[in-house]
Structures are given as C-alpha cells and as structure tokens.
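Presented below is the structure to which this report refers.
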Amino acid sequence: MPFIPVITIDGPSASGKGAVAQLLAKTLQFHYLDSGLIYRLTALAARRANIDLQDEARLAQLASALDIQFDGEEIRLNQAPVGAEVRGEACGADASTIAVLPAVRVALLARQRAFRQSPGLVAEGRDMGSVVFPEANLKIYLDASAEIRALRRYKQLKEKGMYANLEEILHGLIARDARDCTRSFAPLQKAADTFFLDNSELTVAQTTDVILQLYKEKVSDLAS
Ligand code: DC
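Just so you know, the sequence shown maps onto residues 180 to 403 in the working numbering.
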C-alpha cells in the first residue's frame, strides 16, 4: 500500500473549514472531501423521494445507493445538476437531522473513505478525525465564536444571492451545533489527538498557513 497522507479538519458549521480545507488541498495538490455535502445530498434526495427524515432504514438504503457525481464545481444527484439549494440553511438542518442516525452514517462510510487517493487527502466535516479517518496524519479542530460564524454564513449566502437573515442564521447554527455535538453516534468532539485552532481572528489564508506549518512539522517527524 503506498503511503497516502490524510489531514482532517473537523468543526462546527461556518467555522471556515470548507474554505480552509479547499485552499489547503489546492496548496498541497491533495484531493478534497467535503463530507457535509454528502450528508446534504442524502437529505436532499430524501426530501425529493418524500422519505421521512426519521425513517432510519429507508434513509440508510437511500444513502448506500446514492447516485452522486462531483465534476469540478458541478454536483450531480441522480444524473441531474443540483442547484444552490444543497448549500442552503434548510438543507443543512435536514442533513444534521439525518446525520444523527447511525445506519445512515455507516452507509456513508465507504463512500467517504474512497476519497483517500494518492497523493493525499484533506477531509472536512464533524467526525473525519474521530471515525472516518482515525489514522489521519494531522487532525485539526477548527472553531470560531457563534457570532463570527453566523456573520460568515450570512455573507456567504448573500454573495450567492440566497436569502439570509443574520438573527435566524445565528439561532439555526446554535441549534445545529447542539444536535451535532450531543448525538450519541459520532458526535462533533475535540479528541485528544486533535490540534485545536480558534480562527475567529484569522483569515482563511492565515488559518491555512498555520495548518500547513503543522503538517510540515508532522511530515518531517514521520521522515526522521
Ligand atoms: O458541514 P455542513 O454544514 O455542510 O454539514 C451539514 C450537516 O451534515 C451538519 O450539520 C452535520 C452533518 N455532518 C455530519 O454529521 N458529519 C460530517 N462529517 C459532516 C456533516
């Protein structure tokens, strides 16, 4: 087996992990896994198929047979491009609801692990370091205050021309964090072998630089 390094970045909604993971992957020329997108697509497919978001068995079946493709910026679900809906707050809340269900999480495991390909992977989500890639070479937990995260999400949605209300976003984030952190199966947590980074006062580029530095130190430790 060739050595395929993995860097995991876990953290709550709008902690900046998406932008940071993408920049890091681009800089290192690694593959990139947005695991939240896979949960979002599962939730969207469930809504479209009128599956109850509590129906664990049907949702798990749907998750294991999910027909999704990523082609650059384009995301296809059942062969058709998905629109901005998949990035909206409603879809995020649905994703968080189905993500509580163990059978759904298990059904999505192999699909996520398949992203580990040469020369390396940057994977972001909630349980990347704890469950999906426990053997990762560097594990980061990224966080920022709820107010800063809400403002970031507000700006992202506005930039995309989507509906956004700061107060609603803040309440939604707090509810989603509570659900993601307290579920009994694969909750978002700060594991002992994880480097905690609060990026409230850092830009995406600065945060990425800190992680790159940590990774270089890890790689030189591995080599020595
Ligand atoms: O990162 P995001 O906002 O796109 O994720 C949407 C939801 O999906 C999140 O609130 C919880 C769930 N999720 C998860 O449970 N585990 C992951 N690894 C990624 C996302």
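Built from N, CA and C at the ideal position, the CB exists for glycine as well.
| Query | Result |
| --- | --- |
| Below 7 Å CB to CB, which residues in the same chain sit around residue 271 once its five sequence neighbours on both sides are set aside? | 192, 219 and 355 |
| Is residue 322 a contact residue of the ligand DC, with contact defined as CB to any heavy atom under 7 Å? | no |
| Could you check where the beta strand (DSSP E) with residue 163 kicks off and where it finishes? | The requested residue 163 does not occur in the structure, where the chain is confined to residues 180 to 403. |
| Distance check for residue 237 and residue 185, CA to CA, integer angstroms please. | 32 Å |
| Can you tell me where the beta strand (DSSP E) holding residue 185 begins and where it ends? | 185-189 |
| Okay, do the segment 204-224 and the segment 370-382 touch, 3+ Cβ pairs below 8 Å being the bar? | no |
| Between the alpha carbons of residue 281 and residue 242, how many angstroms are there, rounded? | 12 Å |
| Excluding the 5 residues flanking residue 442 on each side, which residues of the same chain have their C-beta closer than 7 Å to its C-beta? | It is not possible to answer for residue 442, since the shown part of the chain is limited to 180 through 403. |
| Identify the continuous alpha helix (DSSP H) that holds residue 347 and give its terminal residues. | 345-361 |
| Helix, strand or coil for residue 290? Go by DSSP, reduced to three states. | helix |
| Just verifying my parser: in three-state terms, what is the DSSP assignment at residue 260? | strand |
| Residue 218: beta carbon under 7 Å from a heavy atom of the ligand DC? | yes |
| Any contact of the segment 307-326 with the segment 384-396, i.e. 3+ C-beta pairs under 8 Å? | yes |
| Checking the sheet assignment: what are the DSSP bridge partners for residue 318? | 187 |
| Which ranges would you report for the alpha helix (DSSP H) in the segment 216-287 if only whole runs of at least 4 residues count? | 235-243 and 268-277 |
| What does residue 376 pair with, by DSSP beta-bridge criteria? | 321 |
| For the alpha helix (DSSP H) containing residue 207, name the first residue and the last one. | 196-207 |
| Would you mind working out which of 333, 361 and 341 sits nearest residue 350, comparing C-alpha positions? | 333 |
| Taking only heavy atoms of the ligand DC into account, decide whether any of them is closer than 7 Å to the Cβ of residue 307. | yes |
| Sorted by chain position, which residues of the same chain lie with C-beta nearer than 7 Å to residue 245's C-beta, five sequence neighbours on each side aside? | 220, 221 and 224 |
| Looking at the unbroken beta strand (DSSP E) that takes in residue 211, where does it start and where does it end? | 210-213 |
| Quick one, which of 295, 252, 233 and 292 has its alpha-carbon nearest residue 279's? | 233 |
| Among 215, 291, 315 and 380, whose alpha-carbon lies nearest the alpha-carbon of residue 397? | 315 |
| With the cut-off set at 8 Å, would you say residue 188 and residue 297 are in Cβ contact? | no |
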